[in-house]
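Visitor: Handing you this structure, nothing more for now.
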Amino acid sequence: MRRPLDVERLAKLATGRRFLEPRRRGKYLLLDLEPAGSLLAHLGMSGNLQLVDASSPLRNHTHLRFDLENGRQLRFVDPRRFGFVDWLEPGEEVTDGSLVALGIEPLDPGLDEEMPPMYHARSAPLKSLLLDQRLVAGIGNIYAVEALWRAGIHPRRAGNRTSLSRLANLARVVQVVLAEAITQGGTTLRDFAGTDGEAGYFAVKLSVYGRQGEPCTRCGATIRSTVIGGRTTAWCPTCQR
DNA sequence: CCAGTATCCTGCAGGC
DNA sequence: TGCCTGCAGGATACTG
Numbered sequence: 135m136r137r138p139l140d141v142e143r144l145a146k147l148a149t150g151r152r153f154l155e156p157r158r159r160g161k162y163l164l165l166d167l168e169p170a171g172s173l174l175a176h177l178g179m180s181g182n183l184q185l186v187d188a189s190s191p192l193r194n195h196t197h198l199r200f201d202l203e204n205g206r207q208l209r210f211v212d213p214r215r216f217g218f219v220d221w222l223e224p225g226e227e228v229t230d231g232s233l234v235a236l237g238i239e240p241l242d243p244g245l246d247e248e249m250p251p252m253y254h255a256r257s258a259p260l261k262s263l264l265l266d267q268r269l270v271a272g273i274g275n276i277y278a279v280e281a282l283w284r285a286g287i288h289p290r291r292a293g294n295r296t297s298l299s300r301l302a303n304l305a306r307v308v309q310v311v312l313a314e315a316i317t318q319g320g321t322t323l324r325d326f327a328g329t330d331g332e333a334g335y336f337a338v339k340l341s342v343y344g345r346q347g348e349p350c351t352r353c354g355a356t357i358r359s360t361v362i363g364g365r366t367t368a369w370c371p372t373c374q375r
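Okay, so the first sequence: first residue is 135 according to our numbering, each after it adds one.
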């Protein structure tokens, strides 16, 4: 995995402890254990946390298993190994480099105050800025693309060439897009799976992501696709300016 | 400091 | 059927 893990040490640290309510910061998951210490996890692109019966068949690339008292197992599966699980000692949360670097939470009520000046100070394309976790932490490729479409902004438009009012609108749209996705249970593609380990289902209907060649649902123009900052970016050439 | 690219790894879809 | 290529939800080291 992306971070090496001392499994023996983790086993010693975790044995006999109880999982508390999970938390999240950006795309990082924090699984606190009682009385102290946490698992820090990132799912990368292909990671999955499963909560299944201990007898449930093992999927390929299961890197970690926790036996629980109720006969179930918490499993970390990640074929591409872009994700990781790490152990955080109490207090380490505020020193861990990945966490410390994270920007504001996208669902923070202050987003439409903070995001516009932040993006306005940059010359990179908005698409790249949305994916920069040091600015706003938690937006991925799908929702970056969806938000730009919803806001009617061209993904290649530079931050410093976008008015503050349009950026404020983008901030509001980001919150709407994420909130809707959460309500609907997230986006699942291909090998995605829920915590029950079952195959993914298509929950969220996407307006532009993956729709290149198809008509824009707003104006009928043909959705196009390009690469920005190394990431595939779908957009409508007519209603995104 | 900033922006853009290469890279890590496996699975899968599509072309031949 | 099987082989090959390109592409995929992300983060980060590196280059210019």
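Using N, Cα and C, we set each Cβ at its ideal position, and we do this for glycine too.
#1: Using DSSP bridges, identify the partner residues of residue 182.
#2: In whole angstroms, give me the CA-to-CA distance for residue 253 and residue 157.
#3: Roughly how far, in whole angstroms, is the beta-carbon of residue 277 from the beta-carbon of residue 311, given that I think they are within contact range, below 8 Å?
#4: Using the beta-carbon count (16 or more within 10 Å), is residue 289 buried or exposed?
#5: Looking only at C-alpha atoms, which of 371, 160, 343, 137 sits nearest to residue 216?
#6: What do you get for residue 356, buried or exposed, if any count of 16 or more other CB atoms within 10 angstroms of its CB means buried?
#7: Hey, quick one: how far does the beta strand (DSSP E) through residue 368 stretch, first residue to last?
#8: Do the segment 267-287 and the segment 159-175 meet, that is, are 3 or more Cβ pairs less than 8 Å apart?
#9: Per the contact definition of three or more C-beta pairs closer than 8 Å, is the segment 195-204 in contact with the segment 226-242?
#10: Report yes or no: do the segment 217-229 and the segment 168-175 share at least 3 C-beta pairs separated by less than 8 Å?
#11: Which residue from 209, 189, 188 puts its Cα closest to that of residue 195?
#12: Can you tell me which of the three DSSP states residue 307 falls into?
#13: Looking at C-alpha atoms only, which residue of 281, 140, 247 is the closest neighbour of residue 262?
#14: Specify the secondary structure class of residue 238 as computed by DSSP and reduced to three states.
#15: If you draw a straight line from the C-alpha of residue 351 to the C-alpha of residue 212, how long is it?
#16: Can residue 199 and residue 287 be called in contact, C-beta distance under 8 Å?
#17: Look at the Cβ atom of residue 139, then the Cβ atom of residue 152, and state whether they are nearer than 8 Å.
#18: May I ask which residues mark the beginning and end of the alpha helix (DSSP H) holding residue 253?
#19: Can you tell me which of the three DSSP states residue 292 falls into?
#20: How close, in whole Å, do the beta carbons of residue 264 and residue 296 come, if the pair is a contact with beta carbons under 8 Å?
#21: In this structure, how does DSSP classify residue 150 when only helix, strand and coil are distinguished?
#22: Sort 341, 315, 258 by Cα distance to residue 284 and report the nearest one.
#23: May I have the straight-line CA-CA distance separating residue 81 from residue 221, to the nearest angstrom?
#24: Using CA coordinates, which residue listed in 339, 230, 246, 192 is at the minimum distance from residue 317?
#25: Taking only the alpha-carbon atoms, compute the straight-line gap between residue 367 and residue 251 and give it to the nearest angstrom.
Guide: Judging by the given coordinates:
#1: The count along the first sequence starts at 1 and reaches residue 182 at position 48. For residue 182, which the question treats as bridged, DSSP gives the partners 211.
#2: Mapped onto the first sequence, residue 253 falls at position 119. Mapped onto the first sequence, residue 157 falls at position 23. Between the C-alpha atoms of residue 253 and residue 157 there is a straight-line separation of about 27 Å.
#3: Residue numbering aside, residue 277 sits at position 143 when the first sequence is read from its first letter. Residue numbering aside, residue 311 sits at position 177 when the first sequence is read from its first letter. Taking a contact as a CB-CB distance under 8 Å, the pair residue 277 and residue 311 counts as one, their CB atoms being some 5 Å apart.
#4: Here the question's residue 289 lines up with position 155 in the first sequence. Around the beta carbon of residue 289, a 10 Å sphere encloses 16 or more other beta carbons of the protein chains shown; the residue is thus reported as buried.
#5: Within the first sequence, the letter at position 82 stands for residue 216. Comparing Cα positions, the closest option is 137.
#6: Here the question's residue 356 lines up with position 222 in the first sequence. Note on residue 356: under 16 other CB atoms within 10 angstroms of its CB, so exposed under the neighbour-count rule.
#7: For the purposes of this step, residue 368 is taken as residue 234 along the first sequence, with counting starting at 1. Note, residue 368: beta strand (DSSP E), 365-369.
#8: Yes, they touch.
#9: The segment 226-242 vs the segment 195-204: no contact.
#10: Under the 8 Å Cβ criterion, the segment 217-229 counts as touching the segment 168-175, having at least three qualifying pairs.
#11: Position 61 of the first sequence, counting from 1, holds the residue named residue 195. The closest CA to that of residue 195, considering only 209, 189, 188, is found on 209.
#12: Translated into positions along the first sequence, residue 307 becomes position 173. Residue 307 sits in a helix when the DSSP states are folded into three classes.
#13: The residue labelled residue 262 in the question sits at position 128 within the first sequence. That would be 281, whose Cα lies nearest to the Cα of residue 262.
#14: As a working note, residue 238 is residue 104 in the first sequence. Assigned with DSSP and collapsed to three states, residue 238 falls in strand.
#15: Counting from 1 along the first sequence, the entry for residue 351 is found at position 217. Counting from 1 along the first sequence, the entry for residue 212 is found at position 78. Answer to the nearest angstrom: the Cα atoms are 34 Å apart.
#16: As a first step, residue 199 must be located in the first sequence, where it is residue number 65. As a first step, residue 287 must be located in the first sequence, where it is residue number 153. No, they are not a contact pair.
#17: Reading the first sequence from its first residue, position 5 is the one you call residue 139. Reading the first sequence from its first residue, position 18 is the one you call residue 152. Remark: C-beta atoms of residue 139 and residue 152 do not approach each other more closely than 8 Å.
#18: Indexing the first sequence from 1 puts residue 253 at position 119. Counted as a single uninterrupted DSSP element, the alpha helix (DSSP H) harbouring residue 253 occupies residues 245-254.
#19: If you number the first sequence from 1, residue 292 lands on position 158. The answer is strand: DSSP assigns residue 292 an E or B state.
#20: Taking the first residue of the first sequence as 1, we reach residue 264 at position 130. Taking the first residue of the first sequence as 1, we reach residue 296 at position 162. That belief does not hold up - the Cβ atoms of residue 264 and residue 296 are roughly 12 Å apart, past 8 Å.
#21: Numbered from 1 along the first sequence, position 16 holds the residue referred to as residue 150. If DSSP states are grouped into helix, strand and coil, residue 150 belongs with coil.
#22: What you label residue 284 is simply residue 150 of the first sequence in a count that begins at 1. Minimum Cα-Cα distance from residue 284 among the listed residues 341, 315, 258 corresponds to 341.
#23: The structure shown does not extend to residue 81, since the chain spans only 135 to 375, so no value can be given for it.
#24: Indexing the first sequence from 1 puts residue 317 at position 183. With distances taken between Cα atoms, residue 317 lies closest to 339.
#25: Locating residue 367 in the first sequence gives position 233, counting from the first residue. Locating residue 251 in the first sequence gives position 117, counting from the first residue. In this structure, the straight-line span from the alpha carbon of residue 367 to that of residue 251 is close to 24 Å.
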